[in-house]
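In this note's numbering, the protein residues as written are 235 to 332.
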């Protein structure tokens, strides 16, 4: 089954926006504050996972070979990133304010 051309453009535009999100993340990683750098690493895992997910979707749609594994790796990275961010937010909410 052939995918419509507009679907490819939507995936490529989404991947481009995801790649542009890497600029502030890399700036955060170069900062001096260790807490900001740690959050930057989790944001980087999230952004790379999204890029892999979009790349897997695009390659699966355009190439006859199966690139589903790339999307699965991206989805796994997204899940790990969101899980760690959620745990950090729960800990911050439950800790008493000093």
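We put the CB at the ideal spot given by N, CA and C, even for glycine. A quick note: this is a predicted structure, and the numbers were derived from the prediction, not measured.
query                                                                                                                                                                    : result
So what's residue 264 in DSSP terms, helix, strand or just coil?                                                                                                         : coil
When DSSP labels each residue in this structure, what does residue 335 get in the three-state scheme?                                                                    : One cannot answer for residue 335 here, as it falls past the ends of the chain, which runs 235 to 332.
Keeping to the same chain, check which residues put their C-beta closer than 6 angstroms to that of residue 287; ignore five residues upstream and five downstream.      : 305, 308, 309
Let me check understanding here. Comparing Cα to Cα, which of 280, 251, 330 lies closest to residue 313?                                                                 : 280
DSSP three-state call for residue 329: helix, strand or coil?                                                                                                            : coil
Using C-beta distances below 6 angstroms, list every residue in its chain close to residue 277, excluding the 5 sequence neighbours before and after it, in chain order. : 259
Helix, strand or coil, according to DSSP, for residue 258 in the structure here?                                                                                         : helix
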